[in-house]
Amino acid sequence: MIRSRHRTATRKTAVRPLTAKQRRQIAALASTPDDKIDYSEIPPLTERFWKRAVRNPFYRQQQDDSTLKTTPKLSNYSPTHFRR
2 MIRSRHRTAT
12 RKTAVRPLTA
22 KQRRQIAALA
32 STPDDKIDYS
42 EIPPLTERFW
52 KRAVRNPFYR
62 QQQDDSTLKT
72 TPKLSNYSPT
82 HFRR
């Protein structure tokens, strides 16, 4: 058995459904136009911020499992040739 170095999430967290009040609040926020949102408490981003910014070190690009490298010899066969 191969064991991964990384722990996988084994504990499932239960997510409770939204209440009617929460759904109303979300709908009200979603319908608010951008020019009505108060951004005054958010400090502006300075050049110092952008100079120290780094890409997300935890982001891993998803691999595309649908690609297959073939040789010219294999490309002569149709997909139905390999079915059992």
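Numbering (my numbering), first residue to last: 2 to 85.
Where a beta carbon is used, it is the ideal one built from N, C-alpha and C, also for glycine.
Straight-line measurement puts the Cα of K37 at about 18 Å from the Cα of P45. For I38, there is no enclosing alpha helix (DSSP H), as DSSP gives it neither H nor E.
Rounded to the nearest whole angstrom, the C-alpha separation of V55 and P73 is 42 Å.
The three-state reading of DSSP puts Q63 in coil, since its state is none of H, G, I, E or B.
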